[in-house]
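Student:
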Amino acid sequence: MALNMVMLGPPGAGKGTQAKTFAASRGIPHMSTGDMLREAVAAGTEVGLQAKAVMERGQLVSDEIIVGVVRERLSKADAAQGFLLDGFPRTVPQARALDEIMAGREPLIVVDIAVADEELIRRLTSRRVCGQCGTNADVPAPGQPVPTVCGRCGGALTQRADDREEVIRERLRVYARDTRPLLDYYSGRPTFRSVNGAQAPSAVSRDLEAAVGAARAAGN
Ligand SMILES: [Zn+2]
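The sequence shown begins at 10 in our numbering and counts up one residue at a time.
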């Protein structure tokens with residue numbers, strides 16, 4: 010039985026890492042929007058060429074092109090046993106288009122990695138990078154101090170400009186505006202699950218496994 014999955018989650022929820030680990034453990038391809046676009050451009054497919062032209066003009070790739078790239082990717086042989094979409098859909102029109110692509114396939118499992126804004130802000134404003142060797146320092150657990158010295162080389166840690174609180178609040182505001190309707194679109198389905206992302210990564214992985222099991226049982 011194919012495992013067709015979408016993972017949702019705000020910036021700072023740890024979604025990308027969870028998605029990669031989970032997909033690898035199930036032997037299904039992990040598909041991020043950026044990677045799919047790059048692959049389509051490199052392969053020179055029709056939608057890939059359209060995407061390339063738009064990006065070269067410095068414009069944002071339209072829903073129509075993104076959907077075309079996803080449709081193409083999901084038709085490949087390695088997606089027949091399942092896939093994990095990470096970063097798509099981002100909007101309700103994209104979700105509707107995905108439902109059309111999914112017609113006749115196993116039901117879509119949708120998991121949201123949920124983390125409250127204040128915890129996301131704490132995590133994202135605690136991120137530090139070494140000015141000397143470029144290593145990203147581990148984000149401290151709640152209540153722990155933000156590191157100031159690189160654990161690898163002893164260099165001074167600094168904050169990236171786009172990790173400042175006002176920039177992060179704006180990113181979260183945009184995410185909420187675009188994604189709330191998406192959660193409303195999916196949340197009534199028996200195959201939708203929300204996982205508490207404000208835990209240690211190992212606990213999130215454990216809950217994710219359980220959520221997918223429950224969602225699959227409910228979808229069949
Ligand atoms: Zn360093």
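Backbone N, C-alpha and C define an ideal beta-carbon position, used for all residues, glycine too. Only a predicted model underlies this, so the values are computations on that prediction, with no experimental measurement involved.
For the region 119-139 against the region 10-22, do three or more pairs of beta-carbon atoms, one drawn from each stretch, fall closer than 8 Å, so that the two count as touching?
Tutor: yes
Student: Just checking: is the beta-carbon of V221 within a distance shorter than 8 Å of some beta-carbon in chain D?
Tutor: Of the protein chains in the structure, only one exists, and it is not chain D.
Student: DSSP has R202 in a bridge; who is on the other side?
Tutor: V120
Student: Report yes if the C-beta of R161 is less than 7 Å from at least one heavy atom of ligand 1; otherwise report no.
Tutor: yes
Student: Ligand 1 and Q141: does any heavy atom of the ligand fall closer than 7 Å to the residue's C-beta?
Tutor: True, at least one ligand heavy atom lies under 7 Å from that Cβ.
Student: Taking V56 as the reference, which of S41, L191 and D72 has the closest Cα?
Tutor: D72
Student: Pairs of beta-carbons, one from the region 39-49 and one from the region 142-150, closer than 8 Å: are there three or more?
Tutor: No, they do not touch.
Student: Leaving out five residues on either side along the sequence, give the residues of the same chain with a beta carbon under 8 Å from the beta carbon of D87.
Tutor: P38
Student: Smallest Cα separation from K85: which of T30, G43, E218 and A52?
Tutor: K85 has its Cα closest to that of A52, out of T30, G43, E218 and A52.
Student: Using beta-carbon positions only, say whether A220 and T200 come within less than 8 Å of one another.
Tutor: no
Student: Which runs of the beta strand (DSSP E) at least 3 residues long sit entirely within the region 148-222? Give them in chain order.
Tutor: 201-205
Student: If the criterion is Cβ atoms closer than 8 Å, does the pair S214 and T30 meet it?
Tutor: yes
Student: Check whether the Cβ of T30 lies closer than 7 Å to any heavy atom of ligand 1, and answer yes or no.
Tutor: no
Student: I need the boundaries of the beta strand (DSSP E) containing V50, first residue and last residue.
Tutor: It is not in any beta strand (DSSP E) - V50 instead sits in the alpha helix (DSSP H) that spans T42 to A52.
Student: Reducing DSSP to helix, strand and coil, say where I63 ends up.
Tutor: Looking at the sequence provided, one finds Val at residue 63 rather than Ile. V63 falls in the helix class under three-state DSSP.
Student: May I ask you to check if the CB of T157 is nearer than 7 Å to at least one heavy atom of ligand 1?
Tutor: For T157, the CB stays at least 7 Å from every heavy atom of ligand 1.
Student: DSSP three-state call for N12: helix, strand or coil?
Tutor: The question names Asn, yet the displayed sequence has Leu at residue 12. Three-state DSSP puts L12 in a strand.
Student: Tell me the DSSP secondary structure of V138 in three-state form.
Tutor: In this structure, V138 counts as strand in the three-state DSSP scheme.
Student: Can you find the residues in the same chain that come closer than 6 Å, C-beta to C-beta, to L107, ignoring five residues on each side of it along the sequence?
Tutor: Closer than 6 Å at Cβ, skipping near neighbours: P98.
Student: Is the CB-CB distance between V78 and A104 below 8 Å?
Tutor: no
Student: When DSSP builds the beta bridges, which residues end up paired with N145?
Tutor: V138
Student: So what's G77 in DSSP terms, helix, strand or just coil?
Tutor: Judged by DSSP in its simplified three-state form, G77 adopts helix.
Student: So for F92, helix, strand or coil by DSSP?
Tutor: The answer is strand: DSSP assigns F92 an E or B state.
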